[in-house]
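Sequential numbering of the sequence shown, starting at 24, is according to the numbering used here.
Idealized CB from N, CA, C, for every residue including glycine.
Since we're looking at a predicted model, the values are computed, not measured.
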Amino acid sequence: MLRKRAVWCKQILCIRLINLFTQQHQKLNRHQFLKVLFLATLLICLLFGQVVSAQTPNASLLVEQGIKDYNAGNFQNAVKHWQEALNQYKNNPSDAAVVNENLARVYQQLGQNKEAIESFSRAIRDYGTVVNIQQVGRMQSELAQVYSSLGQPRKAIALLCGQLVEKARISENQPSQEIQCTPESAEQIATKHNDKRGKIAALGILGEAYRLIGNYDQAIQYLHAAQQISLEYDFLVLNSLGNAYRSRAQLHELEANSAKQAGILSKEKEFGNKSAADYNQAREYFQNSIKLAHSQKQLLAEMRGLLNLIQLGSQTSATKVISDETFNNAHKDALKILKDLPDSATKVYGAIDLAYLQRHSQGTSPFTYCQTQMLSSESEALNLLQNSVLTSNKLQDNRLQSYANGALGHFWECHQDRKEALKYTQIAIIAADKNLSAKDSLYLWEWQAGRILDQQNRKEEAIASYQRAFETLEDIRQDILTAERDVQFDFRDVVRPLYRTLARSRLELLEVAEIAEKQRAKELSQVVETIDALKLAELQNYFGNDCILSGLNPKPVAELLEDNSAAFKNTGFLSSIILDGKTGILLQLPNQTTKFKWIKDPNQEGTSKIVSSDRLQKTIAEFRSGLIKGEEEVNYDTTTAAELYDWIIRPFAEDIKPETVKTLVFLQDGFLRSVPMAALYDRQQNKYLVETYAIATTPRLRITTPKVRDSFRPVEGHRSTQKALVLGLTQKATIDGKAFDALFSVPEEVSAVKSLFPNYTDLIDDNFVPESFKQKLEKTIYPIVHVASHAQFGIIAKDTFIVTGKNQKLTISQLENSLRNLNSKLDNVGLLVLTACETAVGDDRATLGLAGVALQVGVKSAIASLWSVTDVSTAELVKTFYINYRNAGMSIAEALQKAQIRMINAKKLPPSEGINIKYDNPVYWAPMIAIGNWL
Numbered sequence: 024m025l026r027k028r029a030v031w032c033k034q035i036l037c038i039r040l041i042n043l044f045t046q047q048h049q050k051l052n053r054h055q056f057l058k059v060l061f062l063a064t065l066l067i068c069l070l071f072g073q074v075v076s077a078q079t080p081n082a083s084l085l086v087e088q089g090i091k092d093y094n095a096g097n098f099q100n101a102v103k104h105w106q107e108a109l110n111q112y113k114n115n116p117s118d119a120a121v122v123n124e125n126l127a128r129v130y131q132q133l134g135q136n137k138e139a140i141e142s143f144s145r146a147i148r149d150y151g152t153v154v155n156i157q158q159v160g161r162m163q164s165e166l167a168q169v170y171s172s173l174g175q176p177r178k179a180i181a182l183l184c185g186q187l188v189e190k191a192r193i194s195e196n197q198p199s200q201e202i203q204c205t206p207e208s209a210e211q212i213a214t215k216h217n218d219k220r221g222k223i224a225a226l227g228i229l230g231e232a233y234r235l236i237g238n239y240d241q242a243i244q245y246l247h248a249a250q251q252i253s254l255e256y257d258f259l260v261l262n263s264l265g266n267a268y269r270s271r272a273q274l275h276e277l278e279a280n281s282a283k284q285a286g287i288l289s290k291e292k293e294f295g296n297k298s299a300a301d302y303n304q305a306r307e308y309f310q311n312s313i314k315l316a317h318s319q320k321q322l323l324a325e326m327r328g329l330l331n332l333i334q335l336g337s338q339t340s341a342t343k344v345i346s347d348e349t350f351n352n353a354h355k356d357a358l359k360i361l362k363d364l365p366d367s368a369t370k371v372y373g374a375i376d377l378a379y380l381q382r383h384s385q386g387t388s389p390f391t392y393c394q395t396q397m398l399s400s401e402s403e404a405l406n407l408l409q410n411s412v413l414t415s416n417k418l419q420d421n422r423l424q425s426y427a428n429g430a431l432g433h434f435w436e437c438h439q440d441r442k443e444a445l446k447y448t449q450i451a452i453i454a455a456d457k458n459l460s461a462k463d464s465l466y467l468w469e470w471q472a473g474r475i476l477d478q479q480n481r482k483e484e485a486i487a488s489y490q491r492a493f494e495t496l497e498d499i500r501q502d503i504l505t506a507e508r509d510v511q512f513d514f515r516d517v518v519r520p521l522y523r524t525l526a527r528s529r530l531e532l533l534e535v536a537e538i539a540e541k542q543r544a545k546e547l548s549q550v551v552e553t554i555d556a557l558k559l560a561e562l563q564n565y566f567g568n569d570c571i572l573s574g575l576n577p578k579p580v581a582e583l584l585e586d587n588s589a590a591f592k593n594t595g596f597l598s599s600i601i602l603d604g605k606t607g608i609l610l611q612l613p614n615q616t617t618k619f620k621w622i623k624d625p626n627q628e629g630t631s632k633i634v635s636s637d638r639l640q641k642t643i644a645e646f647r648s649g650l651i652k653g654e655e656e657v658n659y660d661t662t663t664a665a666e667l668y669d670w671i672i673r674p675f676a677e678d679i680k681p682e683t684v685k686t687l688v689f690l691q692d693g694f695l696r697s698v699p700m701a702a703l704y705d706r707q708q709n710k711y712l713v714e715t716y717a718i719a720t721t722p723r724l725r726i727t728t729p730k731v732r733d734s735f736r737p738v739e740g741h742r743s744t745q746k747a748l749v750l751g752l753t754q755k756a757t758i759d760g761k762a763f764d765a766l767f768s769v770p771e772e773v774s775a776v777k778s779l780f781p782n783y784t785d786l787i788d789d790n791f792v793p794e795s796f797k798q799k800l801e802k803t804i805y806p807i808v809h810v811a812s813h814a815q816f817g818i819i820a821k822d823t824f825i826v827t828g829k830n831q832k833l834t835i836s837q838l839e840n841s842l843r844n845l846n847s848k849l850d851n852v853g854l855l856v857l858t859a860c861e862t863a864v865g866d867d868r869a870t871l872g873l874a875g876v877a878l879q880v881g882v883k884s885a886i887a888s889l890w891s892v893t894d895v896s897t898a899e900l901v902k903t904f905y906i907n908y909r910n911a912g913m914s915i916a917e918a919l920q921k922a923q924i925r926m927i928n929a930k931k932l933p934p935s936e937g938i939n940i941k942y943d944n945p946v947y948w949a950p951m952i953a954i955g956n957w958l
């Protein structure tokens with residue numbers, strides 16, 4: 024809708040319903056990692072009238088012609104005429120403002136968001152020049168809408184309110200808290216000018232922006248505020264409220280699952296009840312929105328409400344709140360309305376939504392697997408998809424054409440018509456790639472093309488397509504991982520399988536093709552880069568922000584190894600990659616060719632030699648379980664440890680001879696992260712792995728690569744003079760309903776640390792609370808922070824914390840904020856030691872939290888345990904580690920290695936050593952691992 028200056032102030036302001044992507048896009052985003060790039064919900068945005076008639080005759084004709092072109096759908100011609108008019112308005116900011124405003128809208132229609140942003144920004148400037156402040160506020164709202172649709176909700180919030188409200192300032196019990204925005208913000212401008220519809224728009228978009236960053240309580244507050252002043256447009260606000268409550272329900276559901284994993288039944292029940300209540304609330308808002316839109320004959324809004332209700336009903340976790348009758352009726356109503364809808368984005372996406380609809384979805388994108396229980400028959404689905412293509416072609420919108428053709432291509436992919444599947448998928452790729460207007464779906468269709476080519480046995484073409492999908496996703500991934508930690512992208516639906524598919528395809532090609540050694544090395548190098556990127560994506564997904572990118576080295580891993588060959592001398596790097604049915608290990612040594620081997624069982628023959636991923640995971644679970652229960656055994660059974668050694672380490676025995684390789688650094692994948700590699704057993708040498716090599720782990724080499732100065736060995740006495748902050752808890756504690764036992768060995772552990780580092784500050788029991796920890800770090804830099812307390816690493820970052828005194832907890836957020844706020848970046852914490860840790864057994868996300876904590880909180884190195892050992896053995900191990908750590912010429916990995924070897928030799932040491940002979944059991948020394956910089 025465009026406006027003429029002579030009549031705009033007399034007209035009723037129109038609310039434009041923007042819905043870039045509907046139901047399937049919501050599934051794609053929430054479950055595929057691109058939640059903040061696609062707006063699958065109804066957003067409130069204002070178009071405040073029609074285009075302006077120019078005062079200058081020639082310019083006026085150009086503007087009028089642009090209006091005709093716009094209304095006819097000839098958007099490119101509209102741009103041409105308005106740009107010509109704009110050239111004549113260089114010295115007329117009043118007219119230029121309106122032309123820029125209309126240019127911004129046509130650019131949005133063309134999917135040219137960069138140009139739209141520039142035009143809206145110029146309109147804001149020009150309206151400001153002529154002191155039309157009310158229009159400035161409206162343009163800020165529209166610009167905020169664009170930023171929000173591009174996955175930049177924080178910029179939207181800055182325009183709409185001027186400040187980001189932290190979560191601590193609002194809770195579910197304070198929905199009516201007063202809204203306070205800065206004077207120049209869109210919300211305050213609308214308030215000052217009594218612009219009700221302008222305020223509805225600002226508050227509505229603000230609510231959506233907060234939903235996108237995961238602050239659902241704040242989102243609900245703003246949307247309720249919009250509801251208080253809304254009149255005939257309540258159906259918009261109600262729809263957005265439904266989406267906000269649904270998002271919060273999903274968060275509570277995730278929290279309930281995390282509490283269940285941690286064994287906190289009271290919290291599991293609490294969050295489960297909250298989730299159910301929010302799902303019910305979402306259903307009510309969607310239904311009320313549909314009824315109101317229907318009564319006002321707002322077909323587009325009614326359709327969107329129906330699609331949202333249908334999507335809610337298709338979620339397995341929410342099916343109980345929507346009966347089969349309600350779901351089926353909504354489906355029928357949506358099909359009926361679809362026929363009467365004008366050609367629009369809603370019509371295109373609605374048709375695709377309905378074509379792929381199923382009652383009990385897997386909670387994943389319909390384009391990553393072939394559905395078998397769709398509500399529509401094959402002929403009905405095909406008709407819907409073909410109509411979506413026809414409609415998108417009429418609208419000449421690249422995004423619509425890309426999505427419609429890609430969806431139809433997937434239909435043919437699942438029906439084994441590879442020719443038709445590839446034809447439509449390639450059309451989708453071309454449409455998405457035009458001016459990079461749909462980059463956020465380009466990766467999806469490139470991946471789809473790769474699968475189709477794979478089925479046609481066109482392996483090299485398939486790999487090229489997978490590679491393009493990977494590169495596209497890498498290009499946009501950082502923009503969508505900067506949301507708050509509460510936003511949990513289930514990226515395992517897209518990112519992990521895509522990256523693993525690319526790695527698998529390259530590795531399998533090496534097995535069947537005659538490839539020159541140089542090309543083989545290049546292929547393996549690209550596999551390493553793919554795995555490295557996956558590990559970074561997993562870290563960002565777990566922690567929910569981009570803090571770890573601050574130390575990211577842009578060079579490929581191979582170059583890093585070459586550039587740091589002096590620091591990495593005598594170091595081998597073993598990376599694992601878990602694929603469907605099998606697992607591979609890559610070995611990298613400085614200035615040597617990368618080597619790769621599948622994990623095989625030497626005792627098997629033929630194809631059965633390959634150890635299945637299921638068998639490997641089961642064996643590792645047995646290994647870990649045996650270690651944890653090892654305290655009950657007099658003599659530890661090394662059978663499983665030896666089997667894993669033969670599978671993982673022995674194949675590389677000739678490459679990592681101890682004469683040349685002294686340290687092994689593991690970059691583990693998935694369930695392999697929970698393996699204490701130090702305890703693998705070489706039955707031929709009758710040694711644990713740690714007796715031969717110093718061992719460390721790192722989530723990603725490009726993050727933890729030591730700088731040159733880090734590789735220098737410390738001078739004598741340097742480390743002994745370092746300041747240490749010693750934190751300890753001896754008392755039992757209860758956190759979120761979970762009881763943590765008293766740690767009776769902590770006094771001895773703390774005493775040992777303080778005796779070795781006289782320049783210490785200690786906070787014990789009630790003195791150790793989050794606030795005191797923060798205050799100490801604000802006043803003094805401590806290169807060493809030692810924490811002798813329970814540390815829990817949950818399946819979500821929110822459940823990752825350190826237990827402190829007074830039944831309080833130091834969350835990963837608080838720890839990060841305290842450490843990152845240090846005055847000097849050059850003298851930040853070099854070593855963080857965490858004893859008595861606990862992780863969610865059997866969940867690789869929890870272990871990922873443990874492995875990533877050092878990187879997340881900004882320390883160079885960490886020593887932490889894979890499980891809690893509440894025994895004086897921990898004090899003994901820590902004391903020996905620190906003694907070794909102080910010694911000149913000994914790396915962190917070596918210091919830990921020597922401490923562990925001392926415990927292994929407990930029965931051989933003289934009584935004067937005062938070490939319990941049972942400490943040779945790996946249960947006491949194996950869980951302690953070195954993370955991050957091992958030097």
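With 16 other Cβ atoms within 10 Å as the buried cut-off, status of residue i
i	result
residue 309	buried
residue 819	buried
residue 49	Below a pLDDT of 50, predicted positions are generally treated as unreliable, and residue 49, at 33, falls in that range; no measurement from the model is reported.
residue 186	exposed
residue 553	buried
residue 662	exposed
residue 940	exposed
residue 614	exposed
residue 813	buried
residue 945	buried
residue 438	exposed
From the options, residue whose alpha carbon lies closest to that of residue i
i	options	result
residue 860	839, 881, 886	886
residue 6	294, 97, 333, 566	Look at the range of the chain in this structure, 24 to 958, and you will see that residue 6 is not part of it.
residue 287	871, 319, 815, 142	815
residue 697	669, 745, 647	647
residue 521	867, 537, 495	495
residue 392	354, 216, 432	432
residue 451	469, 839, 705, 719	469
residue 684	672, 692, 454	672
residue 670	295, 954, 635, 138	635
residue 897	748, 272, 766	766
residue 721	692, 168, 703, 749	692
residue 364	403, 129, 414	414
Cβ pair residue i, residue j closer than 7 Å
i	j	result
residue 301	residue 268	yes
residue 444	residue 408	no
residue 837	residue 788	no
residue 808	residue 900	no
Contact test: residue i Cβ vs the ligand NAD heavy atom, cutoff 6 Å
i	result
residue 883	Only the bare structure without any ligand can be found here, which leaves the ligand NAD out of the picture.
>> Restricting to runs no shorter than 3 residues, where is the beta strand (DSSP E) found entirely within the segment 680 to 734?
In response: 686 to 690, 717 to 720
>> Quick check: the segment 422 to 437 against the segment 362 to 371, are at least 3 beta-carbon pairs closer than 8 Å?
In response: yes
> With contact counted as at least three CB pairs below 8 Å, one residue from each stretch, are the segment 119 to 128 and the segment 89 to 107 in contact?
Replying inline: Between the segment 119 to 128 and the segment 89 to 107 there are three or more C-beta pairs closer than 8 Å, enough to call the two in contact.
> At a cut of 8 Å, does the segment 918 to 931 reach the segment 708 to 726 through at least three beta carbon pairs?
Replying inline: Yes, since at least three Cβ pairs between the segment 918 to 931 and the segment 708 to 726 fall closer than 8 Å, the two stretches touch.
> Does the segment 787 to 801 come close enough to the segment 823 to 835 that 3 or more CB-CB pairs lie under 8 Å?
Replying inline: Contact between the segment 823 to 835 and the segment 787 to 801 is present: three or more C-beta pairs spanning the two stretches fall below 8 Å.
> Which runs of the alpha helix (DSSP H) fall wholly inside the segment 113 to 151 and span at least 4 residues, in chain order?
Replying inline: 116 to 132
>> What ranges does the beta strand (DSSP E) occupy inside the segment 751 to 781, keeping only unbroken runs of at least 3 residues that lie completely in it?
In response: 756 to 758, 761 to 763
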